[in-house]
Every structure is written in C-alpha cells, then in structure tokens.
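Heads up: the structure comes next, in structure tokens.
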C-alpha cells in the first residue's frame, strides 16, 4: 500500500538523502521523495504497522537532515 506524506526539506540533495534513508527502514518496500512537490511516497511491505514504520522513517530521515519535517 502506498501513502503520501508532506515533507519540508530545504535542498534537493537532502531530499535524496532522506529517500535513501527511508528505503533502508525495515518494513519499507520503496520510498520516493519529490523535492519539487515536497512529498514523500512510501510503499510498505505487507503485514507491517504503517504508523510504526513511518515513525522509524522519520527517525532515519532526521539523522540525515535534522531540520526536515514529515507530516504524518
């Protein structure tokens, strides 16, 4: 299942780092960040708690871009 989350990030390079970090989180099948639209599309693995996975995605993204915001 795909969900789209609004993000605030100040550079395209940072958006790429956030995408890479999100893809490494357990339970994420795929993630795509669009700097232009300020959105992150996350595809989840089957049978995972999506809210818990997104909390981990947020933590992973904060490690690479501490001032980013992801609105769940």
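In our numbering, the protein residues as written are 104 to 175.
C-beta atoms are modelled at their ideal positions from N, C-alpha and C, and glycine is treated no differently.
Keep in mind it's a predicted model, so treat the numbers as computed, not measured.
Using the Cβ count rule (16 or more neighbours within 10 Å means buried), how would you classify residue i?
i: residue 174; result: exposed
i: residue 115; result: exposed
i: residue 157; result: buried
i: residue 139; result: exposed
Just curious, the beta strand (DSSP E) that residue i is in, first and last residue?
i: residue 113; result: It is not in any beta strand (DSSP E) - residue 113 carries neither H nor E in the DSSP assignment.
i: residue 163; result: Residue 163 -> not in any beta strand (DSSP E); alpha helix (DSSP H) instead, spanning 153-167.
i: residue 143; result: 142-147
i: residue 129; result: No beta strand (DSSP E) holds residue 129; DSSP gives it neither H nor E.
Our contact map puts residue i next to residue j with C-beta atoms below 8 Å; I'd like the distance itself, whole angstroms only.
i: residue 171; j: residue 125; result: At roughly 11 Å, the Cβ-Cβ gap does not stay under 8 Å, so residue 171 and residue 125 are not in contact.
i: residue 134; j: residue 148; result: Incorrect: roughly 12 Å between the Cβ atoms, too far for contact.
i: residue 151; j: residue 120; result: No, residue 151 and residue 120 are not in contact; Cβ-Cβ is about 23 Å, not under 8 Å.
i: residue 154; j: residue 128; result: About 13 Å separates the two Cβ atoms, so there is no contact after all.
Look up residue i in the DSSP assignment and give the residues it is bridged to.
i: residue 174; result: 109
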